[in-house]
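Engineer: The sequence shown lines up with residues 12 to 391 when you count with the numbering used here. Take a look at this one; I'll ask things after.
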Amino acid sequence: MRFETLAIHAAGGPDSATGALIPPIYQTSTFVFEDVGRTRGYDYSRTSNPTRSALEKTVAALEGGKAGFAFATGMAAEATVICLLGQGDHVICGDDVYGGTYRLFQSVMTGFGLEFSFLRMDERRRIEDAIRPSTKMLWIETPSNPLLNIVDLEMAVGIARKHGLMTVVDNTFATPCFLRPIEYGVDVVVHSTTKYLNGHCDVVGGAVVTSSDELASRVQFLLNTMGTCASPFDCWLVLRGIKTLPIRMKQQEENATAVATYLNDHPKVRRVFYPGLESHPGHDIARRQMKGFGAMVSFEIKGGSESVCSFLRKVKVFALAESLGGVDSLVEHPATMSHASMPESIRNGVGITGELIRLSVGLENVDDLVEDLEQALGDV
Numbered sequence: 012m013r014f015e016t017l018a019i020h021a022a023g024g025p026d027s028a029t030g031a032l033i034p035p036i037y038q039t040s041t042f043v044f045e046d047v048g049r050t051r052g053y054d055y056s057r058t059s060n061p062t063r064s065a066l067e068k069t070v071a072a073l074e075g076g077k078a079g080f081a082f083a084t085g086m087a088a089e090a091t092v093i094c095l096l097g098q099g100d101h102v103i104c105g106d107d108v109y110g111g112t113y114r115l116f117q118s119v120m121t122g123f124g125l126e127f128s129f130l131r132m133d134e135r136r137r138i139e140d141a142i143r144p145s146t147k148m149l150w151i152e153t154p155s156n157p158l159l160n161i162v163d164l165e166m167a168v169g170i171a172r173k174h175g176l177m178t179v180v181d182n183t184f185a186t187p188c189f190l191r192p193i194e195y196g197v198d199v200v201v202h203s204t205t206k207y208l209n210g211h212c213d214v215v216g217g218a219v220v221t222s223s224d225e226l227a228s229r230v231q232f233l234l235n236t237m238g239t240c241a242s243p244f245d246c247w248l249v250l251r252g253i254k255t256l257p258i259r260m261k262q263q264e265e266n267a268t269a270v271a272t273y274l275n276d277h278p279k280v281r282r283v284f285y286p287g288l289e290s291h292p293g294h295d296i297a298r299r300q301m302k303g304f305g306a307m308v309s310f311e312i313k314g315g316s317e318s319v320c321s322f323l324r325k326v327k328v329f330a331l332a333e334s335l336g337g338v339d340s341l342v343e344h345p346a347t348m349s350h351a352s353m354p355e356s357i358r359n360g361v362g363i364t365g366e367l368i369r370l371s372v373g374l375e376n377v378d379d380l381v382e383d384l385e386q387a388l389g390d391v
């Protein structure tokens with residue numbers, strides 16, 4: 012089945028017990044055994060649950076992976092994946108990753124003996140120079156959060172295979188609608204299903220898709236042991252959202268392209284970060300490996316902190332809020348919101364300055380979005 016059809020039908024046919032078209036919410040903690048040592052496929056909802064299984068099957072199908080797993084949050088998914096490693100192992104990670112990822116790695120996992128190098132992953136030599144005998148994993152965001160940097164997956168996977176490294180790609184921004192990393196040889200794909208997969212800002216969740224049965228077995232063991240799984244109701248909400256994912260992503264990308272083009276020509280905007288612009292340094296790679304450029308747009312506003320605050324207070328259609336990927340357009344200030352946990356010196360060093368603003372472009376009429384930006388930029 013093609014992607015649009017998979018988004019609707021990948022969970023399987025009608026419920027076998029009742030014929031319900033939409034997978035039911037199995038809101039139960041436990042299941043009755045048929046006999047000693049014999050179940051009907053489920054015994055305890057931390058281990059597995061039919062509603063969660065439907066979501067996991069769907070996400071795996073959309074990503075083209077062997078198996079999928081649903082988690083309580085995107086960070087629960089990341090925490091579980093990083094636990095595939097052990098004390099003394101080293102990870103190479105993008106330097107402008109989501110602030111919560113940086114905090115998990117640098118402030119928590121280092122305490123358990125893991126080591127991390129954060130760097131711009133745009134050059135083969137830079138990545139290979141960072142590899143140590145203890146390096147076990149490349150952790151990639153593409154497009155990255157919030158600078159929308161693009162990583163060449165063919166290059167990264169080639170390096171990883173040469174050195175025996177596991178590759179992990181956070182595919183939250185692109186979604187499998189626009190990018191399927193496993194097709195490039197990536198081992199593990201991570202999502203915050205809170206974002207585009209759900210698409211309605213009414214749930215938090217995460218997902219992992221593996222490319223091999225061996226990795227699937229290890230992730231399932233960790234999920235069950237750590238208890239990082241998603242609830243049945245949250246899984247049902249994400250399943251509902253996925254059915255409209257292709258049409259949402261198409262329209263949101265169209266809106267984002269118009270917004271980025273408008274901002275790129277505005278005299279009060281210093282720089283726009285959007286891979287759909289030909290001026291973006293990763294445009295050619297994004298065009299080659301992605302089917303669309305996504306709906307996230309970041310830009311630097313001229314005039315310093317006063318101009319930034321003035322703009323954020325004046326927007327009306329764009330809501331000042333954390334998160335992204337919903338039908339509502341959102342605006343945020345990474346330095347004080349999504350990346351506040353990253354030390355200021357690190358933020359500034361990688362380009363997440365106080366003048367940077369991140370937009371999650373939604374499904375509103377694009378003329379209203381542009382007019383909102385115009386009035387907010389008018390007096391800054």
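Yeah, the Cβ is synthetic: ideal placement off N, Cα and C, and Gly gets one too. The structure presented is a predicted model; accordingly, all values stated were derived computationally and were not measured.
#1: The beta strand (DSSP E) spanning leucine 341 covers which residue range?
#2: Grab me the residues of alanine 306's own chain with a C-beta within less than 6 Å of its C-beta, minus the 5 sequence neighbours each way, in chain order.
#3: So what's glutamate 355 in DSSP terms, helix, strand or just coil?
#4: According to the Cβ coordinates, are tyrosine 273 and valine 200 closer than 8 Å?
#5: Apart from the five residues just before and just after asparagine 235, which ones in its own chain have a Cβ nearer than 7 Å to its Cβ?
#6: Where does lysine 279 fall in DSSP's three states?
#7: For isoleucine 312, which residues in the same chain have their Cβ closer than 8 Å to its Cβ, ignoring the five residues on either side in sequence?
#8: Give the DSSP bridge partners of histidine 202, in chain order.
#9: Closest by CA to leucine 96, which one among Thr84, Thr121, Asp107 and Leu73?
#10: Could you check whether asparagine 209 and glycine 217 sit closer than 8 Å to each other, using their CB atoms as the reference points?
#11: Taking the beta carbon of phenylalanine 123 as the centre, do at least 16 other beta carbons fall within 10 Å, making it buried, or is it exposed?
#12: Which same chain residues, not among the five before or five after histidine 101, have their C-beta less than 6 Å away from its C-beta?
#13: Would you say proline 25 and alanine 31 are within 8 Å of each other, going by their C-beta atoms?
#14: Mind checking who leucine 331 pairs with in its DSSP beta bridge?
#15: Using a threshold of 8 Å, state whether the C-beta atoms of arginine 191 and glutamate 67 are closer than that.
#16: Please report the straight-line C-alpha distance between serine 309 and glutamate 194, rounded to a whole angstrom.
#17: Assuming contact is defined by CB atoms lying nearer than 8 Å, are leucine 250 and alanine 22 in contact in what I supplied?
#18: Does the segment 129-143 come into contact with the segment 159-176, if we say contact requires no fewer than three beta-carbon pairs (one atom in each stretch) closer than 8 Å?
#19: Starting from arginine 369, trace the beta strand (DSSP E) both ways and give me its first and last residue.
#20: Return the first residue and the last residue of the alpha helix (DSSP H) that leucine 380 is part of.
#21: What first and last residue would you give for the beta strand (DSSP E) that runs through phenylalanine 82?
#22: Can you confirm whether the segment 103-122 touches the segment 87-95 when touching is taken to mean that 3 or more C-beta pairs between the two stretches lie within less than 8 Å?
#23: Should serine 356 be labelled buried (16 or more other beta-carbon atoms within 10 Å of its own) or exposed?
#24: Apart from the five residues just before and just after tyrosine 53, which ones in its own chain have a Cβ nearer than 7 Å to its Cβ?
#25: What are the start and end residues of each continuous alpha helix (DSSP H) run of 4 or more residues lying completely inside the segment 99-155, in chain order?
#26: If you run the structure through DSSP and keep just helix, strand and coil, what is aspartate 295?
#27: Let me know if valine 214 comes out buried or exposed under the rule of 16 or more other beta-carbons within 10 Å of its beta-carbon.
#28: Tyrosine 55 bridges to which residues according to DSSP?
#29: Kindly identify the DSSP beta-bridge partner or partners of threonine 178.
#30: Considering Cα atoms alone, identify which of Glu375, Ile296, Trp150 and Leu335 is closest to leucine 176.
#31: Unbroken alpha helix (DSSP H) runs of length 4 or more, entirely within the segment 220-249: which are they?
#32: Please return the same chain residues whose Cβ sits closer than 8 Å to the Cβ of glutamate 45, not counting the five positions on each side in sequence.
#33: Going by CA-CA distance only, name the one from Arg49, Val220 and Glu152 that's closest to lysine 77.
#34: Who are phenylalanine 184's beta bridge partners in DSSP?
#35: Any idea what DSSP makes of serine 318, helix, strand or coil?
Structural biologist: According to the data block:
#1: Per DSSP, leucine 341 belongs to the beta strand (DSSP E) from 341-343.
#2: Cβ within range, chain order: Gln263, Glu264, Ala267 and Val372.
#3: Three-state DSSP puts glutamate 355 in a helix.
#4: With respect to valine 200, tyrosine 273 sits apart: the two C-beta atoms are not nearer than 8 Å.
#5: Excluding residues within five positions, the ones whose Cβ falls inside 7 Å are Arg57 and Thr58.
#6: In the structure shown, lysine 279 sits in coil (DSSP, three-state: anything other than H, G, I, E or B).
#7: Here isoleucine 312 has Lys279, Val280, Arg281, Ser318, Val319, Phe322, Glu366, Ile368, Leu388 and Val391 as same chain residues with Cβ atoms under 8 Å from its own Cβ, once five neighbours each way along the sequence are excluded.
#8: Answer by DSSP bridge pairing, in chain order: Ala218.
#9: Nearest option by C-alpha distance: Thr121.
#10: No. Outside cutoff.
#11: So phenylalanine 123 ends up on the exposed side.
#12: Counting only Cβ-Cβ distances below 6 Å, and skipping sequence neighbours, we find Glu126, Arg143, Ser145 and Thr146.
#13: In contact: proline 25 and alanine 31 (Cβ atoms closer than 8 Å).
#14: DSSP, once it has assigned bridges, lists Val342 as partnering leucine 331.
#15: Result no, Cβ atoms of arginine 191 and glutamate 67 do not sit closer than 8 Å.
#16: Between serine 309 and glutamate 194, the C-alpha separation is close to 28 Å.
#17: A distance below 8 Å separates the beta carbons of leucine 250 and alanine 22.
#18: Below 8 Å, enough C-beta pairs join the segment 129-143 and the segment 159-176 to call them touching: three or more.
#19: Going by DSSP, arginine 369 is part of the beta strand (DSSP E) stretching over 367-371.
#20: Looking at the DSSP string, the run of the alpha helix (DSSP H) that includes leucine 380 is 377-388.
#21: According to the DSSP assignment, phenylalanine 82 belongs to the beta strand (DSSP E) that extends over 78-82.
#22: Below 8 Å, enough C-beta pairs join the segment 87-95 and the segment 103-122 to call them touching: three or more.
#23: With fewer than 16 other Cβ atoms within 10 Å, it is exposed.
#24: For tyrosine 53, where only same-chain residues beyond five positions count, the Cβ hits under 7 Å are Phe42, Ser59, Asn60 and Pro61.
#25: Listed in chain order, the complete alpha helix (DSSP H) runs (minimum 4 residues) inside the segment 99-155 are 110-114 and 135-141.
#26: Aspartate 295: helix per DSSP, three-state reduction.
#27: Counting Cβ neighbours within 10 Å, valine 214 comes out buried, since at least 16 surround it.
#28: In the DSSP assignment, tyrosine 55 forms a beta bridge with Thr41.
#29: In the DSSP assignment, threonine 178 forms a beta bridge with Leu149.
#30: When only C-alpha atoms are compared, the closest one is Trp150.
#31: For the segment 220-249, whole alpha helix (DSSP H) runs of length 4 or above, ordered along the chain, are 224-237.
#32: Listed in chain order, the non-local C-beta contacts of glutamate 45 below 8 Å within the same chain comprise Arg51, local neighbours out to five positions each way being set aside.
#33: For the residues Arg49, Val220 and Glu152, the minimum Cα distance to lysine 77 belongs to Val220.
#34: Beta-bridge pairing links phenylalanine 184 to no other residue.
#35: Helix at serine 318.
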